[in-house]
Each structure stands twice: as structure tokens, then as C-alpha cells.
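What follows is the structure, encoded as C-alpha cells:
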């Protein structure tokens, strides 16, 4: 039945080969070698250990924050891409799911401004009188 | 040929890749997600909405922490455990993280064996995942008990900013609820796998729809998401 679909879209011949291969791979569901999952699992362990060590060794300041964010992003990326199979989905789905959370970053910047303003007012008006 | 709902929508093949593919998939009066079943698409959309929920929790925590003039309690000390006469910082949280990551690993393998129609291995791996999840919730209950005994309340705590307690109970409580629901979901699906429901495409008692092994992957998506959320909570609440 894959072939019938292919013939219906004759004008896409150039892309047919990839797509058929992809569809065939997909036809049995998301099938990937177990080894891939074990490697990702090991990496998640390593990254978690690293982020724990950041706290254990009591790193401070921007070094601490940048390391925490780095390990966090790497872990999240591995989970979404491999464990949740996003790396093998069509871009139409990947972008529909992964782009909207970018709006959260806008929200973060708004709330950073807001909380700095609140903090300033609290310091100015509610600080203990000297 | 054994068909799975997942992929054979009859439209998957011969589509354009890349950017042109996005435009072609979304344009015109047709379904946008070509080779993804409605079940999987809806789980992804639900997870997107859940992302916004947890984002709002973490954002409110950020706002509370940034705007307070009172020092924030040091999580490294608050969550330390006394092991062998020595305070080890965050050790319980680190173990919880490893437990949850391990559960994600076993879940990913369960999905794999599901698509290979290996009924027993799939069910066993799903039950192992559920056991890891239950362990996680148990450790969280222990952590909550410890903190409550030490006097942490949603309206105050002995160490600093009053909002610490409300942020902690709200964020970890909501996450723990998600884990608990995931454990129940996993056990329910594992039972169906073990019974062979998806080999004979038995109809669900509630929806009357045919069951397929794809549901293992959909359950997996939810489970991995729970792990994903923990990655962010671990970074922002416990380590920051």
C-alpha cells in the first residue's frame, strides 16, 4: 500500500526514495537498537552526576549557573530527542511542539523585570528604618 | 501485513522533507501530522499544555525568589541528609534523580520491545518502570515528612523567605502527582500487554477502539515527560 501512495505522487520522485525508506522504518513503529537507549541512559547518568557535583563542590556565581543550565539543557535534549523519539518525527510535529515553549522565555524576561521592580519597591519602602 | 495505526495513514510516503515539508504538511485542507496517529498527536499536545503549567509554577517560584528581600533558604543545606555522622548535601534528591532516569531507560526499552511484539518483556519492563516510579514517590513522601517535621509550612519555615515552603510543596507536589498518575497508567497498560490485548487488537472496554502496541509508546511519552520536568525542577529548585 506504500507503493500505491508513492505512485499517486509521481511528481515527488526525487524525494520518494528517502520518504519510502522513512515510512518503511516507521511502519513497524519507532524501532531503534537497544544499544542507543543504553548509551543515552549512561549519558543521562553522567550528566546528572555532573550537575550533582556542581552542588557537592559548592561552585558559586556564574560558573555554577552556567554549568547547571548546560547540564539541564543537555539532559532535556537527550530525553526529548531519543527517549521521546522527537529526532525521528517529521518537522511539522517537532516544530508544533517545540516552538511554543519559546514563549515561556518571553514570559521569563517579563517576570524578571517585574520582580526586580517589586524588589526595588520593597527595599525603598519596607526596609527597616535606620 | 500486520498494520499498526501509528504509521499507516496512507499518507506518510512521498512527502517533502525539511522546511518545504512543514509548509506542505500544514498547508491545504488535510491532516497536519502525516505519520502520527491521533492518539500520539494528542498526547504531545497534552504534554505541551502541561509544559506551560509547570513553566508557570517555576516562573512564580522565580518571581517569589527574586523579589523577596529575605534571604532564600539554602537548598543544599535544607535537603542534606546525615549519613554516617556527616551531612551529605542533596543526596536524597540525587538518588531520586537517578531513580527517575533509570525508569526512563526501562520505559524506552519497553516501547522498543512493544513494537517487536515481545509481550512478556514489554510488560516486565513497564512494571519495572512503575516500580521505579513508586520508589520515587516513596522517597518524596519521606522528604516531605522530614521537612514538615523540621517546621516547613506553606506560610513559613525556620530558615528564611516564607515563600520557600509554598513553592516547594506546590512544585514537588504537582510533580509527584504526575508520577503517581504515571505509575497507575503504566500498571494498567502493562496488564493489557500481558493479557495479549494488543496482539489480538482487542477493543477497549470504555472506548471500544482497537488496542495497538502504540499505546506503550504513548504511555512512554507521558513517562519521559515526567522525567523531563524533574530535570528542570532539579536544576532550578534544588541546585540554583
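Residue numbers (the working numbering), protein chains in the order written: chain Z, 1 to 130; chain S, 1001 to 1240.
C-beta: ideal position from N, C-alpha, C; glycine also.
Paired residues, beta bridge with residue i - DSSP
i, result
"residue 99 of chain Z", "Looking at the DSSP assignment, residue 99 of chain Z forms no beta bridge with any residue, so it has no partner."
"residue 1192 of chain S", "In the DSSP output, where bridge partners are listed per residue, residue 1192 of chain S has none listed."
"residue 1203 of chain S", "S:1210"
"residue 1146 of chain S", "Its beta-bridge partners do not exist; DSSP assigns none."
"residue 1083 of chain S", "S:1086"
"residue 1153 of chain S", "S:1156"
Exposure of residue i, with buried meaning 16 or more beta-carbon neighbours within 10 Å
i, result
"residue 1020 of chain S", "exposed"
"residue 1239 of chain S", "buried"
"residue 1229 of chain S", "buried"
"residue 1188 of chain S", "exposed"
"residue 1167 of chain S", "buried"
"residue 117 of chain Z", "exposed"
"residue 1051 of chain S", "buried"
"residue 1235 of chain S", "buried"
"residue 1089 of chain S", "buried"
"residue 60 of chain Z", "exposed"
"residue 1208 of chain S", "exposed"
"residue 30 of chain Z", "buried"
Whole-angstrom distance between residue j and residue i, CA atom to CA atom
i, j, result
"residue 109 of chain Z", "residue 103 of chain Z", "10 Å"
"residue 113 of chain Z", "residue 101 of chain Z", "20 Å"
"residue 1233 of chain S", "residue 1086 of chain S", "26 Å"
"residue 1115 of chain S", "residue 1157 of chain S", "50 Å"
"residue 1031 of chain S", "residue 1025 of chain S", "7 Å"
"residue 1171 of chain S", "residue 1057 of chain S", "6 Å"
"residue 1161 of chain S", "residue 1060 of chain S", "14 Å"
"residue 1127 of chain S", "residue 1068 of chain S", "44 Å"
"residue 1082 of chain S", "residue 72 of chain Z", "27 Å"
"residue 1196 of chain S", "residue 1117 of chain S", "10 Å"
"residue 1149 of chain S", "residue 1140 of chain S", "14 Å"
"residue 1073 of chain S", "residue 88 of chain Z", "43 Å"
"residue 1205 of chain S", "residue 1190 of chain S", "16 Å"
"residue 1182 of chain S", "residue 1096 of chain S", "16 Å"
"residue 22 of chain Z", "residue 1146 of chain S", "Low per-residue confidence applies at residue 22 of chain Z: pLDDT is 44, beneath 50, and the placement is therefore not dependable, though the value from the model is reported in the following sentence. Near 51 Å, if we compare the C-alpha coordinates of residue 1146 of chain S and residue 22 of chain Z."
"residue 1163 of chain S", "residue 1213 of chain S", "45 Å"
"residue 1153 of chain S", "residue 58 of chain Z", "27 Å"
"residue 120 of chain Z", "residue 1237 of chain S", "23 Å"
"residue 123 of chain Z", "residue 34 of chain Z", "56 Å"
"residue 68 of chain Z", "residue 46 of chain Z", "13 Å"
"residue 24 of chain Z", "residue 77 of chain Z", "In this predicted model, residue 24 of chain Z has a pLDDT of only 44, less than 50, meaning its place in the structure is not dependable; the value taken from the coordinates is given anyway. Computed Cα separation, rounded: 26 Å."
"residue 1219 of chain S", "residue 39 of chain Z", "22 Å"
"residue 115 of chain Z", "residue 1065 of chain S", "9 Å"
"residue 27 of chain Z", "residue 49 of chain Z", "Residue placement at residue 27 of chain Z cannot be trusted, given a pLDDT of 46 that sits under 50; what the coordinates show is reported in the next sentence. Approximately 37 Å, taken between the alpha carbons."
"residue 1124 of chain S", "residue 1045 of chain S", "28 Å"
"residue 1104 of chain S", "residue 125 of chain Z", "49 Å"
"residue 1107 of chain S", "residue 1091 of chain S", "24 Å"
Under 8 Å from the C-beta of residue i: neighbouring residues of chain S
i, result
"residue 54 of chain Z", "1239"
"residue 108 of chain Z", "1059 and 1062"
"residue 119 of chain Z", "1066, 1067, 1068 and 1069"
"residue 44 of chain Z", "1101, 1104 and 1105"
"residue 62 of chain Z", "In chain order: nothing, as chain S lies at least about 12 Å away."
"residue 35 of chain Z", "None at all; the shortest Cβ gap to chain S is about 11 Å."
"residue 51 of chain Z", "1234, 1235 and 1239"
"residue 66 of chain Z", "What residue 66 of chain Z touches in chain S: nothing, since even the nearest Cβ is about 12 Å away."
Amino acids of chain Z, ordered along the chain, whose beta-carbon sits closer than 8 Å to that of residue i
i, result
"residue 1036 of chain S", "89, 90 and 93"
"residue 1231 of chain S", "72, 75, 76 and 79"
Proximity test, residue i beta-carbon vs the ligand SAH heavy atom, cut-off 7 Å
i, result
"residue 1164 of chain S", "Although the ligand SAH was asked about, the structure shown includes no ligands whatsoever."
Chain S residues whose Cβ lies nearer than 7 Å to that of residue i
i, result
"residue 59 of chain Z", "Result: empty, since nearest Cβ-Cβ is about 10 Å, beyond 7 Å."
"residue 83 of chain Z", "1104, 1108 and 1224"
Contacts that residue i makes with chain Z (C-beta to C-beta distance below 7 Å)
i, result
"residue 1025 of chain S", "90 and 92"
"residue 1022 of chain S", "91, 92 and 95"
"residue 1051 of chain S", "101"
"residue 1097 of chain S", "48"
Amino acids of chain S, ordered along the chain, whose beta-carbon sits closer than 9 Å to that of residue i
i, result
"residue 39 of chain Z", "The contacting residues do not exist; residue 39 of chain Z stays about 10 Å from chain S at best."
"residue 123 of chain Z", "1069"
Chain-ordered chain Z contacts of residue i [CB-CB under 9 Å]
i, result
"residue 1090 of chain S", "52, 55 and 56"
"residue 1214 of chain S", "29"
(request) Within the segment 1029 to 1073 of chain S, note down every full alpha helix (DSSP H) run reaching 4 residues or more, in order along the chain. (result) Taken in chain order, the complete alpha helix (DSSP H) segments of 4 or more residues contained in the segment 1029 to 1073 of chain S are 1038 to 1067.
(request) Let me know the alpha helix (DSSP H) ranges lying completely inside the segment 43 to 96 of chain Z, each 4 residues or longer, listed in chain order. (result) 61 to 78, all fully within the segment 43 to 96 of chain Z.
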